[in-house]
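The structure appears right after this line, and notes come after that.
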Amino acid sequence: MKKHMNIPIFIPHEGCPNDCIFCNQRKISGSVHTPSESEMDAIIRKHLESPALEREIAFFGGSFTGLPVSEQEKYLQIAEKYVQQGRVKGIRLSTRPDYISSDILKLLGKYSVTTIELGIQSLNEEVLFNSKRFYSPETAIQACKLIQLHGFSLGVQMMIGLPGDSLEKSLMTAKKLIALGPNMVRVYPTLVIRETELESAYKSGRYKPMSLEEAVFWCSQIIPLFDDANISVLRVGLQHTDDLQKGVEVVAGPQHPAFGELVYSEIWYSRIVKEIDKGPEKPGKHMTIHVSASEVSKVIGQHQKNLKQLKNKYGFTSIKVLGDQDTLNQLILEFYE
Ligand code: SF4
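Each residue of the sequence shown is one higher than the last, beginning at 1288 in this note's numbering.
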């Protein structure tokens, strides 16, 4: 049985006044369907049938708090009904940092909103400007603090590879986010979506998307920072069913169905290399890697990439990976002649 389940309700931000270069909401507005009350009920009831220890209703897709207050309340009231019936634990939503104020948070506080996720994307001024986000890093930081002050759990979302971004800038964004002490994070590599300004920039050669290898490498440097700070990493990379809705077509960019798996494989590779380098100068011809069962496929890597690289680098003739450890993070290496 699933421990936690989010019941996803996609609320497109029709009439969004912003024009972020990576987003096609304005262009497709009108063709994307906003769920009616009965459709929302149907989605929620359907999810209530699946077994889970706890559930939350999650509004995502646009900037929830940028909607007119009457609409926000309409959606919140529908969700609240299920919380009051004891069938759902709470409500979560995502929005932009510049759509957060004390008044908005007081409104959300009247309902059982537990978590607010902010699409921060970057804390670098130039990257925000290039992406037409048009809020400052300071605004984003203040929004995080205000959310925490009002007692909500804070989720942050960052994008890597936006125009003008670099690994250093993304690492700096991650470090500044960590200093704010969010409860959770999602890291998205930038994809070029059809009918966006980024698509025109890409087609005219003004924007070069990250390669898959680059995006995986950047994430492999960023994710351990959040892990080490005990900030729960909810997602690395986009999930087609959730984030890429109908009407969203990817033209270019580091898209891979198992993006997160590739990132964790890369993280394991670096960790194993570090561990071997700490050990004896000549580690032997055979190596056994002990990790927890859930990590075995990540340690091996897609098409055995990690094992091949380790054999090439250290001259091992055989490497065994055993899933016999108790904890997720445990790593034990044994070498044999
Ligand atoms: S990313 Fe959000 S704020 Fe920006 S244009 Fe799209 S819906 Fe509007």
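Heads up, the beta-carbon is just placed ideally off N, CA and C, and yes, glycines get one too. Keep in mind that this is a model prediction, so the values were computed, not measured.
Rounded straight-line distance, which links the Cα of residue j to that of residue i
{"i": "residue 1493", "j": "residue 1341", "result": "46 Å"}
{"i": "residue 1450", "j": "residue 1327", "result": "36 Å"}
{"i": "residue 1392", "j": "residue 1312", "result": "25 Å"}
{"i": "residue 1455", "j": "residue 1590", "result": "30 Å"}
{"i": "residue 1404", "j": "residue 1559", "result": "33 Å"}
{"i": "residue 1325", "j": "residue 1368", "result": "13 Å"}
{"i": "residue 1441", "j": "residue 1356", "result": "21 Å"}
{"i": "residue 1461", "j": "residue 1624", "result": "42 Å"}
{"i": "residue 1620", "j": "residue 1571", "result": "12 Å"}
{"i": "residue 1543", "j": "residue 1479", "result": "13 Å"}
{"i": "residue 1293", "j": "residue 1485", "result": "30 Å"}
{"i": "residue 1503", "j": "residue 1547", "result": "8 Å"}
{"i": "residue 1343", "j": "residue 1523", "result": "21 Å"}
{"i": "residue 1323", "j": "residue 1435", "result": "31 Å"}
{"i": "residue 1576", "j": "residue 1330", "result": "44 Å"}
{"i": "residue 1513", "j": "residue 1309", "result": "25 Å"}
Ligand 1 heavy atom lying under 6 Å from the CB of residue i
{"i": "residue 1293", "result": "no"}
{"i": "residue 1417", "result": "no"}
{"i": "residue 1350", "result": "yes"}
{"i": "residue 1408", "result": "no"}
{"i": "residue 1359", "result": "no"}
{"i": "residue 1383", "result": "yes"}
{"i": "residue 1312", "result": "yes"}
{"i": "residue 1616", "result": "no"}
{"i": "residue 1506", "result": "no"}
{"i": "residue 1320", "result": "no"}
{"i": "residue 1300", "result": "yes"}
Counterpart residues of residue i in DSSP-defined beta bridges
{"i": "residue 1293", "result": "1343"}
{"i": "residue 1579", "result": "1612"}
{"i": "residue 1621", "result": "1575"}
{"i": "residue 1475", "result": "1446"}
{"i": "residue 1321", "result": "Partner(s): none; residue 1321 has no beta bridge."}
{"i": "residue 1404", "result": "1381 and 1442"}
{"i": "residue 1522", "result": "1473"}
{"i": "residue 1356", "result": "Answer is none; residue 1356 lacks a bridge partner."}
{"i": "residue 1554", "result": "Answer is none; residue 1554 lacks a bridge partner."}
Rounded distance between the beta-carbons of residue j and residue i, thought under 8 Å
{"i": "residue 1538", "j": "residue 1489", "result": "7 Å"}
{"i": "residue 1431", "j": "residue 1443", "result": "7 Å"}
{"i": "residue 1446", "j": "residue 1464", "result": "Incorrect: roughly 12 Å between the Cβ atoms, too far for contact."}
{"i": "residue 1476", "j": "residue 1541", "result": "5 Å"}
Chain B contact for residue i (CB, 7 Å cutoff)
{"i": "residue 1618", "result": "Of the protein chains in the structure, only one exists, and it is not chain B."}
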